[in-house]
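Quick mapping for you: the protein sequence lines, in order, are chains A and B. Just so we're aligned, residue 3 is where the first sequence starts under the working numbering, counting upward by one. Just so we're aligned, residue 3 is where the second sequence starts under the working numbering, counting upward by one. Have a look at the structure below, then the notes.
Protein chains: 2
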Amino acid sequence: MAQTRYSKKREAVLNAICSTKAHPSAEWVYKQLRPDYPGISLGTVYRNISRFKEEGRVVSVGVVNGEERLDGCTEPHAHFICTRCGAVIDLCEPETGGRLIDAVHRELGAQVDHWNLVFFGICKDCRNC
Amino acid sequence: MAQTRYSKKREAVLNAICSTKAHPSAEWVYKQLRPDYPGISLGTVYRNISRFKEEGRVVSVGVVNGEERLDGCTEPHAHFICTRCGAVIDLCEPETGGRLIDAVHRELGAQVDHWNLVFFGICKDCRNC
DNA sequence: ATGACTGCAAAGACTTTGCATCTTT
DNA sequence: AAAGATGCAAAGTCTTTGCAGTCAT
């Protein structure tokens, strides 16, 4: 079975995702890391993101304009997405979705693992333009 | 300026989306329509879906396994997505997101147009396999 | 040394688009 | 006849993957 070995680049990818509130895309991470890791490739970024998602260390916020956006904060919380500029913003929202998991389980007889609550609209900055 | 003309195929695309609870993808609509409209093309399906979304007659539920899934029911409601089989199921859920729109507006100073609440997990059918 | 990780580039998957043709008005 | 809608296929985007070389153990 495949074990895991240390990798400086993997560490850097996770770090890039976790140290920003931008909810980055793979491309964003790639561009962010290139100066410090000149040889890094997009493939490596994608491969590691994929691994982090499986491990539950990174979460997908959804697809915005064709790009998957990620969140290194795995605590359940809602997001706001600006449909003009594509910004993804955290919301300090009481755990609405969480409270409903039981209800959904009863309604569908399904096992509910996680939820995603997203509000769409025009962000403050875009409104002032 | 471009006006709109009647088109039998456009009508059929909207019909296909609205007359199912499957929350179809473009591909699904295409395959569904091909028997009755032998000449129809994927391009036409995509072009019309795009138009319906702009017109607000069809709504995107999100991207599941790389495919955008649509809903002809534009009344606000939450969804459950099975991460095993990809099924998208309507939830009769009290308008949780709607009640929070004002709160989000206050928190971000953003204009909130709509919301999307999705629960992920394993559906009843998949659990019984 | 072994086997995991990476770079590179090709391949895949979904969606968009240009252009000639067909339809609606 | 004019202009929108479509078919077809090529092009675009984002993501995945095969393979040879590199690095951690």
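Glycine is no exception: its CB is placed at the ideal position from the N, C-alpha and C atoms. Just so we're clear, the structure is a prediction, and the values are computed from it rather than from any experiment.
For residue i, the three-state DSSP class (helix, strand or coil)
i	result
GLN5(B)	coil
GLU95(A)	coil
ARG12(B)	helix
ARG59(A)	coil
CYS84(A)	strand
ARG36(B)	coil
GLY111(B)	coil
GLU29(A)	helix
GLY64(B)	strand
ILE124(A)	strand
ASN130(B)	coil
For residue i, the nearest candidate out of the options (CA to CA)
i	options	result
CYS20(B)	GLU77(B), PRO40(B) and PHE122(B)	GLU77(B)
ARG108(B)	SER62(A), GLY41(A), CYS94(A) and ARG36(A)	CYS94(A)
ARG71(B)	ALA24(B), PHE122(B), ARG53(B) and LYS126(B)	ALA24(B)
CYS75(B)	ARG86(B), GLY58(B), CYS84(B) and THR85(B)	GLY58(B)
Proximity below 8 Å, CB of residue i to CB of residue j
i	j	result
LEU117(B)	GLY88(B)	Note that residue 117(B) corresponds to Trp in the displayed sequence, not to Leu. No, they are not a contact pair.
ALA112(A)	ILE42(B)	no
HIS79(B)	VAL90(B)	no
PHE121(B)	VAL106(A)	yes
LEU110(A)	LEU119(B)	no
Closer than 7 Å, Cβ to Cβ, to anything on chain B: give me those residues from the stretch 71-83 of chain A, in chain order.
PHE82
Quick test of the definition: if touching needs 3 or more C-beta pairs under 8 Å, does the stretch 46-57 of chain A touch the stretch 4-18 of chain A?
Yes, since at least three Cβ pairs between the stretch 46-57 of chain A and the stretch 4-18 of chain A fall closer than 8 Å, the two stretches touch.
Would you check if there are 3 or more beta carbon pairs closer than 8 Å linking the stretch 62-70 of chain B to the stretch 4-15 of chain B?
no
Listed in chain order, which residues of the stretch 53-71 of chain B have Cβ atoms closer than 7 Å to some Cβ of chain A?
GLY64 and VAL65
May I ask you to list, following chain order, the residues of the stretch 111-123 of chain B that have a beta carbon less than 9 Å from some beta carbon of chain A?
GLY111, ALA112, GLN113, VAL114, ASP115, HIS116, TRP117, ASN118, LEU119, VAL120, PHE121, PHE122 and GLY123
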